[in-house]
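Before any comments, here is the structure.
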Amino acid sequence: MKAQPKASHFVDGAYVEDTTGAEIEVIHPATGEVIARLHEATPAIIDRALASARRAQADWARVKPVERARILRRAADILRERNHELSVLETLDTGKPLQETLVADAASGADSLEYFAGLAPTVTGETVPLGRDFVYTIREPLGVCVGIGAWNYPIQIACWKAAPALSLGNAMVFKPSETTPLSALKLAEILHEAGLPAGLYNVVQGRGAVGAALVSDPRVDKVSLTGSVPTGRKVYALAAEGVRHVTMELGGKSPLIVFDDADVESAIGGAMLGNFYSSGQICSNGTRVFVQKGIKDRFLQRLKERTERITLGDPLNEATQMGPLVSAAQLDKVLAYVDRARAEGARLVTGGARTGANDGYFIQPTVFADVTDDMTLAREEVFGPVMAVLDFDTEDEVIARANATEFGLAAGVFTTDLTRAHRVVAELEAGTCWINAYNLTPVEAPFGGVKMSGVGRENSRAAVEHYTQVKSVYVGLGPVDAPY
Ligand code: NAD
Numbered sequence: 176m177k178a179q180p181k182a183s184h185f186v187d188g189a190y191v192e193d194t195t196g197a198e199i200e201v202i203h204p205a206t207g208e209v210i211a212r213l214h215e216a217t218p219a220i221i222d223r224a225l226a227s228a229r230r231a232q233a234d235w236a237r238v239k240p241v242e243r244a245r246i247l248r249r250a251a252d253i254l255r256e257r258n259h260e261l262s263v264l265e266t267l268d269t270g271k272p273l274q275e276t277l278v279a280d281a282a283s284g285a286d287s288l289e290y291f292a293g294l295a296p297t298v299t300g301e302t303v304p305l306g307r308d309f310v311y312t313i314r315e316p317l318g319v320c321v322g323i324g325a326w327n328y329p330i331q332i333a334c335w336k337a338a339p340a341l342s343l344g345n346a347m348v349f350k351p352s353e354t355t356p357l358s359a360l361k362l363a364e365i366l367h368e369a370g371l372p373a374g375l376y377n378v379v380q381g382r383g384a385v386g387a388a389l390v391s392d393p394r395v396d397k398v399s400l401t402g403s404v405p406t407g408r409k410v411y412a413l414a415a416e417g418v419r420h421v422t423m424e425l426g427g428k429s430p431l432i433v434f435d436d437a438d439v440e441s442a443i444g445g446a447m448l449g450n451f452y453s454s455g456q457i458c459s460n461g462t463r464v465f466v467q468k469g470i471k472d473r474f475l476q477r478l479k480e481r482t483e484r485i486t487l488g489d490p491l492n493e494a495t496q497m498g499p500l501v502s503a504a505q506l507d508k509v510l511a512y513v514d515r516a517r518a519e520g521a522r523l524v525t526g527g528a529r530t531g532a533n534d535g536y537f538i539q540p541t542v543f544a545d546v547t548d549d550m551t552l553a554r555e556e557v558f559g560p561v562m563a564v565l566d567f568d569t570e571d572e573v574i575a576r577a578n579a580t581e582f583g584l585a586a587g588v589f590t591t592d593l594t595r596a597h598r599v600v601a602e603l604e605a606g607t608c609w610i611n612a613y614n615l616t617p618v619e620a621p622f623g624g625v626k627m628s629g630v631g632r633e634n635s636r637a638a639v640e641h642y643t644q645v646k647s648v649y650v651g652l653g654p655v656d657a658p659y
């Protein structure tokens with residue numbers, strides 16, 4: 176199995192290589208096999224990417240929005256036509272099962288390109304009447320945007336940043352995660368095939384230092400990061416030195432609250448989707464499942480049955496429901512959290528062990544019950560298929576406990592009491608909430624976090640605010656009345 180790209184980077188409309196950059200091995204997580212070898216961007220590559228973005232952006236900002244949109248819509252069509260090939264690549268790179276990547280990755284990326292192609296031409300300024308004089312506003316692009324991605328949804332993250340940035344007249348230099356560097360290169364290829372002028376979308380590879388070099392370059396106007404809270408802190412601080420715009424999509428430890436009156440099968444389905452999809456490697460996962468005591472036993476019994484039926488295996492087999500974790504490091508980290516949960520007194524309901532043949536990074540889908548708020552499992556982001564079930568008695572109690580975290584990415588409520596659902600959601604400190612659903616993130620809805628989980632919003636009309644700025648123009652129509 177090989178997935179070697181033509182070269183490591185895509186700069187100024189073409190693949191480029193510089194073998195003096197440190198090597199990055201790309202590993203298929205289901206087998207441990209090396210599927211590609213890339214090189215980190217050297218200062219020369221970073222410079223070329225930023226210089227070409229700067230140059231190209233000046234012209235791109237003057238292109239009519241509908242013309243920019245036409246190119247992105249074409250790219251969306253190409254992504255859909257090549258969905259199978261792109262999904263296989265994403266599965267090789269991330270280990271996520273084809274069953275998921277066929278519907279969730281390039282497909283949602285295409286939605287994003289299509290959505291912003293439609294939205295961007297509708298973005299206008301306003302006129303502010305002031306009696307005789309008036310002010311009008313212009314929504315202008317920010318300039319050169321740097322995108323930095325995590326490894327869980329590589330092409331989706333690349334598209335979620337590229338679509339609003341490009342459609343609104345910006346250029347982008349994107350650095351994928353060093354763990355999953357492949358599909359962003361394909362996106363660059365596709366955008367250019369669709370007619371995007373050279374220099375507007377560049378992909379440079381590298382670890383954190385390459386990201387930091389991009390973030391601190393004076394040619395950069397905006398930084399959009401998807402990553403963990405510790406990285407977010409560093410990147411936000413670096414960006415602040417240059418007073419650059421930021422979007423921070425960071426981690427979470429989101430509550431999913433199940434009241435006694437919930438449809439239990441749906442709530443279990445929501446909890447499983449919110450803990451096991453993509454082997455639990457999703458930022459918005461509802462990893463603290465609060466279950467009201469009246470349904471606790473029934474909930475746990477059915478959850479155990481359904482969890483034990485999940486099919487793990489070769490992610491390239493479309494019947495496989497769960498693949499491995501993304502890397503050996505992630506597997507070690509998740510297994511350590513499992514050991515710690517046991518040691519701290521959580522009750523293992525099912526799973527908890529490494530599994531699978533070969534050298535793949537597989538772990539069983541895992542459920543812990545009787546988890547308490549002070550346990551590590553209830554406080555830290557695990558980023559693996561490990562569900563923590565906590566009990567609660569009352570609505571007020573669960574709201575207070577749900578909010579007692581530094582994170583605030585997402586939250587979910589399962590109940591058949593409509594009034595309670597809205598009342599509880601209004602109290603939850605989270606940027607994205609679901610009622611009787613979990614982890615659905617359509618491009619039409621704003622997505623992002625509060626507290627340590629982030630700054631800004633991706634997707635929807637809200638993203639326009641984060642890829643444009645307002646110029647205010649005062650127009651004087653009379654003589655200037657100066658006091659001197
Ligand atoms: P990470 O923070 O380790 O890395 C994210 C990216 O930042 C990588 O590309 C990495 O190379 C880069 N980076 C690291 N140090 C840097 C530095 N000093 N300067 C600039 N860039 C730097 O995250 P990860 O392990 O790749 O991804 C998992 C994390 O991402 C989880 O915490 C998850 O919750 C979060 N995540 C958030 C969202 C969201 O939308 N909120 C989505 C997916 C993942």
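If you count by the numbering used here, then the sequence shown holds residues 176 to 659, one letter each, in order.
The beta-carbon is built from N, C-alpha and C at its ideal position, and this holds for glycine as well.
_Burial state of Gln476 (16 or more Cβ within 10 Å)_ = Locating residue 476 in the sequence shown gives position 301, where the first residue counts as 1. Answer is exposed; the Cβ neighbour count stays below 16.
*When DSSP labels each residue in this structure, what does Phe474 get in the three-state scheme?*
Within the sequence shown, numbered from 1, the residue matching residue 474 stands at position 299. It is helical.
*Please determine if the segment 278-296 and the segment 246-265 are in contact, where contact requires at least 3 C-beta pairs separated by less than 8 Å.*
With contact defined as three or more Cβ pairs closer than 8 Å, the segment 278-296 and the segment 246-265 are in contact.
_Distance, Lys646 Cα to Ala657 Cα_ = Translated into the one-based positions of the sequence shown, residue 657 becomes position 482. Translated into the one-based positions of the sequence shown, residue 646 becomes position 471. Distance between the alpha carbons of Ala657 and Lys646 is about 25 Å.
*Ser403 vs Ser429 beta-carbon contact at 8 Å*: Numbered from its first residue, the sequence shown carries residue 403 at position 228. Numbered from its first residue, the sequence shown carries residue 429 at position 254. With contacts defined as CB atoms closer than 8 Å, Ser403 and Ser429 fail to qualify as a contacting pair.
*Where does the unbroken beta strand (DSSP E) through Ile432 begin, and where does it stop?*
Mapped onto the sequence shown, residue 432 falls at position 257. Taken as a continuous stretch (DSSP letters only), the beta strand (DSSP E) holding Ile432 covers Pro430 to Val433.
*Drop a sphere of 10 angstroms on the beta-carbon of Arg237, count the other beta-carbons inside from all chains shown, and report buried for 16 or more, exposed for fewer.*
Sequence index remark: in the sequence shown, residue 237 carries index 62 (1-based). Flag for Arg237 reads exposed.
*Alpha carbon to alpha carbon, how far is Ala228 from Val379?*
Taking the sequence shown and counting its residues from 1, the one referred to as residue 228 is at position 53. Taking the sequence shown and counting its residues from 1, the one referred to as residue 379 is at position 204. C-alpha separation (whole angstroms): 12 Å.
*What whole-angstrom Cβ distance do Phe451 and Pro329 have, given they're in contact under 8 Å?*
Stepping through the sequence shown from its first residue, residue 451 is reached at position 276. Stepping through the sequence shown from its first residue, residue 329 is reached at position 154. For a cut-off of 8 Å, the C-beta gap from Phe451 to Pro329 is around 20 Å, too long to register as a contact.
*Could you tell me which residues DSSP pairs with Thr299 in its beta bridges?*
Within the sequence shown, the letter at position 124 stands for residue 299. None; Thr299 has no bridge partner.
*8 Å Cβ cutoff met for Thr591 and Asp438*: Position 416 of the sequence shown, counting from 1, holds the residue named residue 591. Position 263 of the sequence shown, counting from 1, holds the residue named residue 438. Contact flag set, yes.
_Please list the terminal residues of the continuous beta strand (DSSP E) segment that includes Leu400._
The residue you call residue 400 lines up with position 225 of the sequence shown. Element bounds for Leu400: Lys397 to Thr401.
*Do the CB positions of Leu247 and Ser358 come within less than 8 Å of each other?*
Taking the sequence shown and counting its residues from 1, the one referred to as residue 247 is at position 72. Taking the sequence shown and counting its residues from 1, the one referred to as residue 358 is at position 183. No, Cβ-Cβ distance for Leu247 and Ser358 is not below 8 Å.
*Taking Pro240 as the reference, give the member of Val588, Gly344 and Thr406 with the closest Cα.*
Taking the sequence shown and counting its residues from 1, the one referred to as residue 240 is at position 65. The residue among Val588, Gly344 and Thr406 with its C-alpha nearest the C-alpha of Pro240 is Gly344.
_Shorter than 7 Å, the distance from the beta carbon of Leu500 to the closest heavy atom of the ligand NAD, or not?_
Residue mapping note: residue 500 aligns to position 325 of the sequence shown, counting from 1. Taking the Cβ of Leu500 as the reference point, every heavy atom of the ligand NAD lies at 7 Å or farther away.
*Decide if the segment 633-642 is in contact with the segment 591-600; the criterion is three or more beta carbon pairs, one per stretch, under 8 Å apart.*
No, the segment 633-642 does not touch the segment 591-600.
*Near Ala387, what residues of its chain come up, given a Cβ to Cβ distance below 8 Å and the 5 sequence neighbours on each side ignored?*
Here residue 387 corresponds to residue number 212 of the sequence shown, with the count starting at 1. Taken in chain order, the residues that qualify are Lys409, Val410 and Leu413.
*Inter-stretch contact (C-beta, 8 Å, three-pair minimum) for the segment 506-523 and the segment 358-375*: In the pairwise beta carbon analysis, the segment 506-523 is classified as not touching the segment 358-375: fewer than three pairs are separated by under 8 Å.
*Give the DSSP-derived three-state secondary structure of Ala197 in the structure shown.*
Translated into the one-based positions of the sequence shown, residue 197 becomes position 22. In the three-state DSSP reduction, Ala197 falls in the coil class, being neither helix nor strand.
_My parser needs the beta strand (DSSP E) runs of 3 or more residues fully inside the segment 560-584; what are they?_
561-567, all fully within the segment 560-584.
*Roughly how many whole angstroms lie between the Cα atoms of Glu440 and Thr406?*
What you label residue 440 is simply residue 265 of the sequence shown in a count that begins at 1. What you label residue 406 is simply residue 231 of the sequence shown in a count that begins at 1. Cα-Cα distance, rounded: 37 Å.
*Kindly examine the ligand NAD and report whether one of its heavy atoms sits closer than 7 Å to the Cβ of Leu448.*
Translated into positions along the sequence shown, residue 448 becomes position 273. No - the ligand NAD has no heavy atom lying nearer than 7 Å to the Cβ of Leu448.
*For Arg463, which option in Glu480, Gly469, Ser453 and Gly445 has the closest C-alpha, if you only look at C-alpha atoms?*
Within the sequence shown, numbered from 1, the residue matching residue 463 stands at position 288. Looking at the Cα atoms, Gly445 is the closest of the given residues.
*Using a threshold of 8 Å, state whether the C-beta atoms of Gly587 and Ile432 are closer than that.*
For the purposes of this step, residue 587 is taken as the residue at position 412 of the sequence shown. For the purposes of this step, residue 432 is taken as the residue at position 257 of the sequence shown. Yes, they are a contact pair.
*Examine chain D for any beta-carbon lying closer than 8 Å to the beta-carbon of Asn492, and answer yes or no.*
The structure shown contains no chain D; it holds only a single protein chain.
*In whole angstroms, what is the alpha-carbon distance linking Met347 and Val509?*
For the purposes of this step, residue 347 is identified with residue 172 of the sequence shown, where counting begins at 1. For the purposes of this step, residue 509 is identified with residue 334 of the sequence shown, where counting begins at 1. Separation of Met347 and Val509 (C-alpha to C-alpha, rounded to the nearest whole angstrom) is 34 Å.
_Can you find the residues in the same chain that come closer than 7 Å, C-beta to C-beta, to Ala325, ignoring five residues on each side of it along the sequence?_
Taking the first residue of the sequence shown as 1, we reach residue 325 at position 150. Short of 7 Å from the beta carbon of Ala325, and not among the five residues preceding or following it, lie these beta carbons of its own chain, in chain order: Ile332, Ser352, Thr401 and Gly402.
*Can you list, in chain order, the residues of its chain whose CB lies under 8 Å from that of Glu602, leaving out five sequence neighbours each side?*
Sequence index remark: in the sequence shown, residue 602 carries index 427 (1-based). Taking C-beta separations shorter than 8 Å and ignoring five residues to either side along the sequence, the partners of Glu602 in its chain run Ile574 and Asn578, following chain order.
*Segment limits, alpha helix (DSSP H) that includes Cys334*: Sequence index remark: in the sequence shown, residue 334 carries index 159 (1-based). Counting along the chain, the alpha helix (DSSP H) containing Cys334 begins and ends at Pro329 to Ser342.
*List the endpoints of the continuous beta strand (DSSP E) containing Thr217.*
The residue labelled residue 217 in the question sits at position 42 within the sequence shown. Counting along the chain, no beta strand (DSSP E) covers Thr217, and no H or E run does either.
*Out of Glu424, Leu305 and Val278, which has the shortest C-alpha to C-alpha gap to Lys626?*
Here residue 626 corresponds to residue number 451 of the sequence shown, with the count starting at 1. Nearest of Glu424, Leu305 and Val278 to Lys626, Cα basis: Glu424.
*With DSSP as the reference, label Ile253 as helix, strand or coil.*
Here residue 253 refers to the residue found at position 78 of the sequence shown. Correct three-state label for Ile253: helix.
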